[in-house]
Amino acid sequence: MSDQSFPSTVTITVTHPVLPGREKPIALVSLDSTAPNGLVIWGSEAMRDLQRELSAIDTSQVEAVVVTGNTKSFGAGANLKEIRAAQLSGTSDEYVGSGHDAFGVLAEMDVPTFSLITGVALGGGLELALHTDYRLSTSGKAPMGLPECHLGFFPGWGGVYLLPHLVGAEAALSIIVTDSMRGKNLNPAKAAQIGLVDAVLNGAPGTDEWETSWQTWVVETLEGKHEPRRTTDDEQTWTAAVEKAAAKAESAWHGAAPGPVAAIELVGRARTESRVVNGEAAVEAFTQIVQSDAARASLYAFELVSARSKQAANVPDAPVREIKKAAVIGAGLMAGQLASLIAQGARIPVVMTDLDDERLAAGVQRTRDRFAAQAEKGRMTPEQAEQLGSLITGARSPEDLADADFVIEAVFEELDVKRQVFAQWEPVIKEDAILATNTSSLSITAMGRDLQHPERLVGFHVFNPVEVTPLLEIVAGEKTDDSTLATAFDLAAKLRRIAVRVEDAPSFVVNRVLTRMFDSIGRAMDAGGDPETVDHALDAMGLPMTPLQLLDFVGPAVLVHITHTMNDAYPQRFTLSPWLDAVADAGLKNTLPARGESSETYLSEGANEALERTRRENGVTAQSGDGAGGQLLTRVQDALAEEIGYMLDEGVVASARDIDLCMILGANYPFHLGGITPYLDRCGAAERVRGARFDAAQQ
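Here the UniProt record's numbering is used: the sequence shown runs in plain steps of one and ends on residue 699.
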């Protein structure tokens with residue numbers, strides 16, 4: 001790896017001000033980005049610069065060293081492009097070692113050291129702060145965290161050693177592993193609550209109030225009023241936390257994500273090892289893990305999501321229509337979620353309509369209440385909740401929809417019902433208004449067959465739960481025009497959703513892939529497979545849920561509806577499961593025992609009764625394992641590779657990268673799978689089925 005390919009993007013300035021009431025100066029180390037208003041990102045060249053500047057500080061001439069960031073960040077982590085290059089060239093040890101060398105100078109200083117966390121403090125940025133004796137934070141909402149496990153490796157610059165010694169092993173492992181894998185960070189208030197920062201100070205960085213606040217706190221420390229925090233964990237407490245985390249990691253990822261495993265081991269060793277010895281072990285472990293398939297897939301997934309969150313792909317170069325008002329047809333739960341999403345994201349009026357006036361009034365009120373609930377949780381002010389709520393109204397007459405620019409239906413998932421809805425409303429709305437459907441599986445083309453203007457009909461598939469699922473599938477029917485698609489992408493961006501263009505095909509992307517997976521699971525259950533063995537056959541993939549847990553989350557009725565859609569389209573590959581049909585026909589909401597329920601079998605009582613009955617009716621005998629776990633995993637791998645291959649051949653999406661993005665954002669598939677196609681490449685399924693790899697990361 002050539003350092004010249006990654007020049008430093010960090011400027012480091014050392015000044016020597018004298019704090020109020022003091023005689024001896026401090027060394028104030030100011031970090032900034034070379035890009036205007038940019039984030040502080042650490043590469044190896046910047047690390048060498050930092051090591052040189054810190055080593056030049058004569059601690060006999062200063063009474064403290066204070067490190068501060070710019071007004072946007074204290075440090076936003078490592079240069080992931082350089083990590084990727086180091087990964088490919090096999091020089092990761094040099095990159096990780098440079099951080100230990102630089103930060104170690106700060107840790108070994110013989111005067112008090114302070115970090116002024118002025119903004120974002122993630123990854124290496126937070127690890128830098130951990131090397132100082134004290135941490136002072138602004139009172140803003142800038143995130144703090146260690147996201148490395150989510151990216152396929154672990155905090156390699158000392159976080160696995162320093163954080164548990166500061167806040168205790170349990171809290172440290174929660175931040176390093178649990179929060180990281182969930183994509184969660186801390187805010188300053190929470191960081192102060194657990195002892196990660198010593199104080200949250202008033203004033204925004206760059207203001208006189210901030211300067212006064214931190215200088216006063218540093219002076220108080222020099223006067224002996226504050227002592228560095230240290231954990232009070234004893235051996236038993238520390239060991240118990242590590243063992244609990246290790247068991248949880250095995251249960252969640254079954255070895256598919258090596259980063260958390262290494263992090264937990266290093267935290268365990270940190271209780272008795274020195275910082276230097278633990279750091280040497282971290283460099284060695286990081287060098288191995290960053291070369292792993294999981295780390296390569298994770299970095300690919302992160303870069304893919306980051307790029308598409310900034311700029312969607314395959315957006316037509318066509319006029320974007322202005323959307324000043326929206327309408328939602330329906331007043332149920334999904335309709336309300338769509339209405340609140342559009343009102344909050346686009347800040348435009350949204351009118352709801354329904355055949356039943358009482359249901360409409362309840363739907364409007366429920367939607368307004370969603371904003372009030374967010375205000376109660378502190379996610380917005382009461383004034384903002386009231387303002388957004390005022391944007392939601394119920395239609396008193398059809399004319400209330402006549403001036404809507406974007407009309408989306410959220411009614412029952414039946415083609416004829418949706419066609420009737422559009423037939424009713426098309427004559428009412430403007431000729432240039434966009435008609436959208438939130439269908440999860442039905443044909444856009446078929447839905448618009450009788451419309452006067454089918455070119456303005458588009459699929460706008462928002463996923464449940466709407467508040468947290470960032471994917472939006474924008475589906476083009478055969479006659480959907482480019483202006484309609486471009487406008488749909490523009491609205492998606494306003495709603496802070498990452499949109500993927502999909503051509504009209506049964507169940508689009510996410511539901512098609514998941515249904516093909518469930519097809520293999522259903523076949524195994526119907527063939528006599530042991531339910532527990534079948535449900536855990538995919539554990540080696542490290543998915544966030546087992547298949548049956550996901551089935552219960554989606555709802556059996558929903559999955560069966562999609563399965564029938566897929567069976568109609570591709571009967572050779574998508575079969576109808578007698579057991580799943582029976583579960584849905586019985587109106588069961590779950591196939592596994594719900595919380596608080598008991599069952600003598602692995603399945604819920606109702607689901608087990610349905611399984612035994614359908615097996616009897618079809619002359620199937622229950623089997624005890626028969627090695628079905630490993631065989632089923634292979635069958636699922638091959639089925640997914642085959643289906644994704646068909647989707648690419650049919651042009652459902654432009655590339656395998658689109659499918660990976662959809663599975664990450666729409667199905668919560670983990671980064672260590674790279675979405676899905678990198679996993680299918682490395683397990684051999686792509687070549688077994690297609691004779692060639694997908695190689696999405698090379699596209």
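Cβ coordinates follow ideal geometry from the N, Cα and C atoms, glycine included.
Length of the line joining the Cα atoms of residue i and residue j
i: A372; j: L163; result: 37 Å
i: H254; j: K81; result: 28 Å
i: V500; j: S507; result: 14 Å
i: P228; j: Y134; result: 6 Å
i: P112; j: R347; result: 49 Å
i: A283; j: I26; result: Strictly speaking, residue 283 in this sequence is Val, with Ala absent from that position. Those two C-alpha atoms are separated by around 32 Å.
i: G158; j: F286; result: 11 Å
i: M181; j: H150; result: 5 Å
i: residue 703; j: T13; result: The chain is shown only over 1 to 699; residue 703 falls outside these bounds and no answer can be derived.
i: L603; j: R616; result: 17 Å
i: P578; j: P531; result: 15 Å
i: A607; j: K184; result: 35 Å
i: G674; j: S443; result: 29 Å
i: T621; j: L126; result: 57 Å
i: A76; j: I83; result: 14 Å
i: V554; j: A404; result: 32 Å
i: E53; j: H131; result: 16 Å
i: L632; j: S98; result: 45 Å
i: E280; j: Q699; result: 36 Å
i: E23; j: V10; result: 31 Å
i: G123; j: S60; result: 31 Å
i: I392; j: Q374; result: 16 Å
i: E612; j: R523; result: 15 Å
i: A199; j: P188; result: 9 Å
i: Q193; j: Q288; result: 35 Å
i: L39; j: G206; result: 16 Å
beta-carbon residue i near the ligand GTP non-hydrogen atom, thresh 6 Å
i: R230; result: Looking at this structure, you won't find the ligand GTP or any other ligand, since it has none at all.
Range covered by the beta strand (DSSP E) that runs through residue i
i: V40; result: Run containing V40: none; DSSP gives neither H nor E here.
i: G75; result: 73-75
i: G394; result: 392-394
i: A524; result: Per DSSP, A524 belongs to no beta strand (DSSP E); it is in the alpha helix (DSSP H), 510-526.
i: M352; result: 350-353
i: G459; result: 457-462
i: S115; result: 113-117
i: E532; result: Element bounds for E532: not the beta strand (DSSP E) but the alpha helix (DSSP H), 531-535.
With 16 other Cβ atoms within 10 Å as the buried cut-off, status of residue i
i: V652; result: buried
i: Q87; result: buried
i: R496; result: exposed
i: G627; result: Unreliable positioning characterises G627 in this predicted model, as indicated by a pLDDT of 47, which lies under 50. The coordinate reading is nonetheless provided below. With fewer than 16 other Cβ atoms within 10 Å, it is exposed.
i: S8; result: buried
i: G406; result: In the sequence on display, residue 406 carries Phe and not Gly. Looking at its Cβ environment, which holds 16 or more other Cβ atoms inside 10 Å, F406 is buried.
i: K377; result: exposed
i: Q337; result: buried
i: I644; result: buried
i: R396; result: exposed
i: Q344; result: buried
i: T591; result: buried
i: S44; result: buried
i: R296; result: buried
i: E358; result: exposed
i: A204; result: exposed
i: P398; result: exposed
Start-to-end residues for the alpha helix (DSSP H) that takes in residue i
i: I175; result: From DSSP, I175 is part of no alpha helix (DSSP H); its letter is neither H nor E.
i: Y95; result: 92-107
i: T132; result: Segment: none, T132 is in no alpha helix (DSSP H) and carries neither H nor E.
i: L196; result: Counting along the chain, L196 falls outside any alpha helix (DSSP H), and DSSP gives it neither H nor E.
i: A492; result: 482-494
i: T237; result: 235-253
For this session: May I have a chain-ordered list of the alpha helix (DSSP H) segments no shorter than 4 residues that lie completely inside the segment 256-316?
Result: 258-270, 275-289, 293-310
Exercise. Fully enclosed by the segment 635-685, which alpha helix (DSSP H) runs are 4 residues long or longer?
Worked result: 656-666, 677-682
Problem set entry | Sufficient close CB pairs (3 or more, under 8 Å) joining the segment 471-480 to the segment 450-457 | yes
Problem set entry | Inter-stretch contact at 8 Å, needing at least 3 Cβ pairs: the segment 543-550 / the segment 656-673 | yes
For this session: Check whether the segment 404-424 touches the segment 361-380, taking contact to mean three or more Cβ pairs, one atom from each stretch, closer than 8 Å.
Result: no
Exercise. Taking three-plus beta-carbon pairs below 8 Å as touching, is the segment 170-178 in contact with the segment 303-320?
Worked result: no
Exercise. Is the segment 217-225 in contact with the segment 508-521, if contact means three or more CB pairs nearer than 8 Å?
Worked result: no
Exercise. Do the segment 229-246 and the segment 139-150 touch if we need at least three Cβ pairs shorter than 8 Å?
Worked result: no
Problem set entry | Length at least 3, wholly inside the segment 413-447: the beta strand (DSSP E) runs in chain order | 434-437
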